[in-house]
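Visitor:
Residue numbers (the UniProt record's numbering), protein chains in the order written: chain S, 1 to 396; chain P, 1 to 340.
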């Protein structure tokens with residue numbers, strides 16, 4: 001006979017008919033409660049904030065301020081034509097910052113296209129992190145250097161990679177946890193399901209963070225999912241789901257830290273849903289006024305992640321006005337430097353488009369490379385490129 | 001069934017393609033700790049075709065892993081494993097079952113080296129049993145090679161002999177680039193003189209091989225159609241046609257050199273494969289031949305391919321698959337009379 005479980009999923013006793021299951025017809029159930037609490041976890045304004053390490057609080061605050069400035073600067077760069085596109089994470093900085101800061105050096109981050117900020121907080125060169133969005137290469141960094149996977153544009157497809165990497169690390173006996181980021185829209189993709197299922201079955205040391213910012217481009221959550229919360233989806237896979245206020249940096253950090261610790265202990269994956277809001281449009285190419293109310297945006301602005309933590313820290317005396325000014329100044333310095341570096345023309349070698357397809361180029365690729373080289377040489381020659389009608393004739 | 005590696009010397013003189021493939025994985029796993037096999041049913045069962053039989057017993061289920069039934073998840077997990085330095089060998093059970101994994105294959109597996117400017121190559125081998133002729137119901141007999149060929153970043157390899165099955169699979173697993181390894185499932189039980197104790201040198205990926213010398217016309221083929229073409233070439237002798245047969249072995253990279261040299265000599269070419277003619281590999285191959293050999297051609301390059309239909313039900317598949325007669329009919333249309 002099956003022992004009665006402490007889990008909350010026990011069906012009502014009133015069930016009229018229950019067939020006797022054959023032995024071992026279902027996998028072991030986790031004794032820990034899997035269902036998320038009905039209300040998102042909050043730390044700011046509670047005793048948890050009072051007990052928190054002041055150094056961590058200040059670090060979170062500094063990065064939030066820098067992160068906000070980074071978002072506004074990158075958005076400005078799109079208007080100047082320096083970035084092809086920038087999916088801003090303004091309003092979601094608490095998630096981005098907490099996700100990066102919760103990782104130890106050997107852990108891995110699997111970002112989606114909106115998570116440039118997390119990559120930068122993780123330590124990536126901001127210009128390299130923006131390479132994809134500037135348009136000079138698809139990914140501008142060596143993933144192994146900072147243990148950050150390439151920004152993934154297809155939705156949720158990076159989640160199984162996180163599972164595979166975490167699984168491989170554990171097979172090798174390495175103490176590594178993978179943290180994978182995905183949006184609310186991404187939870188509808190098949191790869192989300194497959195990744196969570198693999199992670200739970202393999203008990204892989206991986207943490208999934210859903211940044212629920214309310215919209216998948218224009219489609220609101222209500223049209224995306226009928227689940228009570230996205231964290232509820234964890235239950236069906238046999239992993240805990242956690243719901244957290246995504247604008248409360250300390251809360252996100254706390255919940256992620258617990259999930260990371262759980263993964264590290266060998267207790268398997270966790271699904272965390274951070275409830276937040278995308279204050280800017282999907283990208284600079286989007287018109288958010290077509291699908292949402294200005295009043296709704298204002299409500300969320302009042303719950304701004306940067307101000308939320310700032311007020312808390314000022315009230316508790318962890319931060320003073322001078323500290324606020326220092327953080328703003330550091331952010332300004334970062335923005336100025338980013339602007340200067342992004343204003344420099346990237347040095348592009350057109351021949352590089354043939355360089356990284358296979359370890360050895362195919363004979364066909366060699367022929368095509370020779371063709372482009374000849375075209376570039378013709379353009380560069382004094383009388384060459386006449387009538388081509390475009391470019392300076394200089395092959396860079 | 002004899003377990004690979006424990007066969008008596010007398011039996012080891014001949015082997016099936018299935019045994020050679022299994023031996024290739026076994027040897028690769030024994031040599032290199034980073035080689036991992038994963039897929040649906042590859043562990044305890046040894047795969048539905050038993051190609052992975054014995055690997056879990058020998059290397060443990062951490063090295064030969066039964067996964068949940070989810071092709072995108074299998075390949076996606078393999079990407080992460082490869083990112084961490086492992087060499088995953090993925091089994092896709094059947095050709096048409098691989099389709100859910102296409103996004104992982106096309107958007108990530110094929111592109112990771114490129115996206116990361118060469119920093120992160122993915123040494124993944126995706127084994128796909130493909131093609132018809134085994135009486136399978138729908139979704140069990142597709143020839144999906146054209147889809148893979150159309151994606152830069154993938155190698156596409158298909159053996160036709162027992163020796164090549166071993167050599168090409170070893171080469172694929174050793175490759176630092178992803179390889180779609182297409183296994184002609186109707187040749188799984190074809191036997192040949194081959195001893196795992198003296199395995200053939202590993203065939204380099206990207207080289208075609210002339211299976212039969214001839215001077216009158218070239219049959220260009222691969223995988224399950226190679227034995228068909230060899231049989232057709234024998235039969236053609238009665239008509240006085242001396243046919244050369246090229247086994248491509250690798251569709252990507254494509255060996256223009258071997259194909260061009262042959263067709264320039266013979267002046268006539270027929271491309272033979274099971275997958276559809278329209279949008280199929282034969283169109284690309286015929287175009288390449290025409291571009292390079294136009295002045296030596298005595299006749300248009302012809303294609304003998306599967307019809308442009310969804311793979312037919314098993315009781316009708318013999319009408320669809322290119323057989324010896326259809327190959328000979330095409331050879332007959334090569335304007336032989338203009339030569340004499």
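A virtual CB, placed ideally from N, CA and C, is assigned to each residue, including glycine.
1. Does DSSP put residue 241 of chain S in a helix, in a strand, or in coil?
2. Quick check on residue 213 of chain S: does DSSP put it in helix, strand or coil?
3. Thinking residue 274 of chain P and residue 131 of chain P are a contact (beta carbons under 8 Å), I'd like their distance in whole angstroms, please.
4. Given that residue 103 of chain P touches chain S, what residues does it touch there, using C-beta distances under 7 Å?
5. Residues in its own chain within less than 7 Å of residue 135 of chain S by CB, not counting five upstream and five downstream?
6. Taking only three categories from DSSP, how would you classify residue 388 of chain S?
7. Could you tell me the boundaries of the beta strand (DSSP E) in which residue 155 of chain P lies?
8. Let me see if you follow: with CB-CB separation under 8 Å, is residue 160 of chain S close to chain P or not?
9. Give a yes or no on whether the C-beta atoms belonging to residue 43 of chain P and residue 56 of chain P are separated by under 8 Å.
10. So, helix, strand or coil for residue 241 of chain P, using DSSP?
11. Can you list, in chain order, the residues of its chain with a C-beta nearer than 7 Å to that of residue 305 of chain P? Leave out the 5 residues immediately preceding and following it.
12. How should residue 343 of chain S be labelled, buried or exposed, when 16 other C-beta atoms within 10 angstroms of its C-beta is the threshold for buried?
13. Identify the contact partners of residue 252 of chain P in chain S, using a Cβ-Cβ distance below 8 Å as the criterion.
14. Should the stretch 153-168 of chain P be called in touch with the stretch 179-199 of chain P, which here means at least 3 C-beta pairs below 8 Å?
15. Could you tell me the distance, in whole angstroms, from the CA atom of residue 65 of chain S to the CA atom of residue 265 of chain S?
16. So, helix, strand or coil for residue 284 of chain P, using DSSP?
17. Determine the extent of the beta strand (DSSP E) in which residue 120 of chain S is found, giving its start and end residues.
18. Give the residues of chain P in contact with residue 150 of chain S, contact being defined as C-beta atoms less than 7 Å apart.
19. Are residue 127 of chain P and residue 183 of chain P closer than 8 Å when you measure CB to CB?
20. If we define contact as Cβ-Cβ less than 8 Å, is residue 99 of chain S a contact residue for chain P?
21. Are the C-beta of residue 137 of chain S and some C-beta of chain P separated by less than 8 Å?
22. For the stretch 234-243 of chain S against the stretch 75-84 of chain S, are there 3 or more C-beta pairs whose distance is under 8 Å?
23. Of all Cβ atoms in chain S, is any one closer than 8 Å to the Cβ of residue 261 of chain P?
24. Using a C-beta to C-beta distance shorter than 7 Å, which residues of chain P count as neighbours of residue 163 of chain S?
25. CB residue 168 of chain P to CB residue 180 of chain P, shorter than 8 Å?
26. Indicate the three-state DSSP secondary structure (helix, strand or coil) for residue 140 of chain P in the structure shown.
27. Taking only three categories from DSSP, how would you classify residue 263 of chain P?
28. For residue 120 of chain P and chain S, any beta-carbon pair shorter than 8 Å?
29. Tell me, please, whether the stretch 79-95 of chain P touches the stretch 217-229 of chain S by the rule of three or more beta-carbon pairs shorter than 8 Å.
30. What residues of chain P sit near residue 143 of chain S, judged by a beta carbon separation below 8 Å?
31. With a cut-off of 8 Å, does the C-beta of residue 320 of chain P fall near any C-beta of chain S?
32. Would you check if the distance between the CB atom of residue 74 of chain S and the CB atom of residue 86 of chain S is smaller than 8 Å?
33. Output the residue ranges of the alpha helix (DSSP H) runs that lie fully inside the stretch 82-116 of chain S and measure 4 residues or longer, sorted by chain position.
34. Quick one: what does DSSP say residue 52 of chain S is sitting in, helix, strand or coil?
35. Starting from the Cα of residue 399 of chain S, find the closest Cα among S:148, S:217 and S:303 and give me that residue.
36. Chain S beta carbons: is any one of them nearer than 8 Å to that of residue 153 of chain P?
Guide: Taking the coordinates as given:
1. On the first chain, residue 241 of chain S is found 241 positions in, with the first residue counted as 1. Three-state DSSP puts residue 241 of chain S in a strand.
2. As a first step, residue 213 of chain S must be located in the first chain, where it is residue number 213. In the structure shown, residue 213 of chain S adopts coil according to DSSP, grouped into three states.
3. One-based indexing of the second chain puts residue 274 of chain P at position 274. One-based indexing of the second chain puts residue 131 of chain P at position 131. So it is a contact: roughly 5 Å between Cβ atoms.
4. Taking the second chain and counting its residues from 1, the one referred to as residue 103 of chain P is at position 103. Ordered by position in chain S, the residues that pass the 7 Å Cβ test against residue 103 of chain P are 154 and 157.
5. In the first chain, residue 135 of chain S corresponds to position 135, counting from 1. If the five residues before and after residue 135 of chain S are omitted, its C-beta is found closer than 7 Å to the C-beta atoms of 84, all from its own chain and listed in chain order.
6. The sequence position of residue 388 of chain S within the first chain is 388, counting from 1. Because residue 388 of chain S sits at a pLDDT of 44, beneath the cut-off of 50, its placement in the model cannot be relied upon, and the following sentence gives the value as read from the coordinates. Correct three-state label for residue 388 of chain S: coil.
7. Here residue 155 of chain P corresponds to residue number 155 of the second chain, with the count starting at 1. From DSSP, the beta strand (DSSP E) with residue 155 of chain P extends over 155-157.
8. One-based indexing of the first chain puts residue 160 of chain S at position 160. At least one chain P Cβ lies under 8 Å of residue 160 of chain S.
9. The count along the second chain starts at 1 and reaches residue 43 of chain P at position 43. The count along the second chain starts at 1 and reaches residue 56 of chain P at position 56. Contact: yes.
10. What you label residue 241 of chain P is simply residue 241 of the second chain in a count that begins at 1. Coil.
11. Here residue 305 of chain P refers to the residue found at position 305 of the second chain. In chain order, 273, 275, 276, 277, 280, 282 and 322 place their CB closer than 7 Å to the CB of residue 305 of chain P, counting only its own chain and leaving out the 5 sequence neighbours on each side.
12. Translated into the one-based positions of the first chain, residue 343 of chain S becomes position 343. Exposed.
13. Position 252 of the second chain, counted from the start, is the residue given in the question as residue 252 of chain P. Identification of chain S residues near residue 252 of chain P by a Cβ-Cβ cut-off of 8 Å yields 362, ordered along the chain.
14. With the cut-off at 8 Å, the stretch 153-168 of chain P and the stretch 179-199 of chain P touch.
15. What you label residue 65 of chain S is simply residue 65 of the first chain in a count that begins at 1. What you label residue 265 of chain S is simply residue 265 of the first chain in a count that begins at 1. Cα to Cα, residue 65 of chain S sits roughly 33 Å from residue 265 of chain S.
16. Here residue 284 of chain P refers to the residue found at position 284 of the second chain. Looking at residue 284 of chain P - three-state DSSP - the assignment turns out to be helix.
17. Residue numbering aside, residue 120 of chain S sits at position 120 when the first chain is read from its first letter. Per DSSP, residue 120 of chain S lies in no beta strand (DSSP E); the unbroken alpha helix (DSSP H) holding it starts and ends at 116-122.
18. Counted from its first residue, the first chain places residue 150 of chain S at position 150. Here the neighbours are 115 and 116.
19. For this step, residue 127 of chain P is matched to residue 127 along the second chain. For this step, residue 183 of chain P is matched to residue 183 along the second chain. Contact annotation: residue 127 of chain P and residue 183 of chain P have beta-carbon atoms nearer than 8 Å.
20. Here the question's residue 99 of chain S lines up with position 99 in the first chain. It does not; no Cβ of chain P falls within 8 Å.
21. Taking the first residue of the first chain as position 1, residue 137 of chain S is located at position 137. Taking Cβ atoms only, chain P reaches closer than 8 Å to residue 137 of chain S, which makes this a yes.
22. Contact between the stretch 234-243 of chain S and the stretch 75-84 of chain S is absent, because fewer than three Cβ pairs lie under 8 Å.
23. As a first step, residue 261 of chain P is located in the second chain; it is residue number 261 there, counting from the start. Closer than 8 Å: no.
24. In the first chain, residue 163 of chain S corresponds to position 163, counting from 1. Scanning chain P for C-beta atoms nearer than 7 Å to the C-beta of residue 163 of chain S yields 77 and 80, reported in chain order.
25. Your numbering for residue 168 of chain P matches position 168 in the second chain. Your numbering for residue 180 of chain P matches position 180 in the second chain. Residue 168 of chain P is not a Cβ neighbour of residue 180 of chain P, given a cutoff of 8 Å.
26. Mapped onto the second chain, residue 140 of chain P falls at position 140. Reduced to three states, the DSSP call for residue 140 of chain P is coil.
27. Indexing the second chain from 1 puts residue 263 of chain P at position 263. Helix.
28. For this step, residue 120 of chain P is matched to residue 120 along the second chain. Closer than 8 Å: yes.
29. Contact fails between the stretch 79-95 of chain P and the stretch 217-229 of chain S, because fewer than three Cβ pairs, one in each stretch, are under 8 Å apart.
30. By 1-based counting over the first chain, the position of residue 143 of chain S is 143. 83, 116, 119 and 120, listed in chain order.
31. The residue you call residue 320 of chain P lines up with position 320 of the second chain. Not an interface residue.
32. What you label residue 74 of chain S is simply residue 74 of the first chain in a count that begins at 1. What you label residue 86 of chain S is simply residue 86 of the first chain in a count that begins at 1. The answer is yes: Cβ separation under 8 Å.
33. For the stretch 82-116 of chain S, whole alpha helix (DSSP H) runs of length 4 or above, ordered along the chain, are 93-101.
34. If you number the first chain from 1, residue 52 of chain S lands on position 52. Residue 52 of chain S: coil per DSSP, three-state reduction.
35. The question about residue 399 of chain S has no answer, for chain S in this structure spans 1 to 396.
36. Your numbering for residue 153 of chain P matches position 153 in the second chain. Yes, its Cβ sits closer than 8 Å to a Cβ of chain S.
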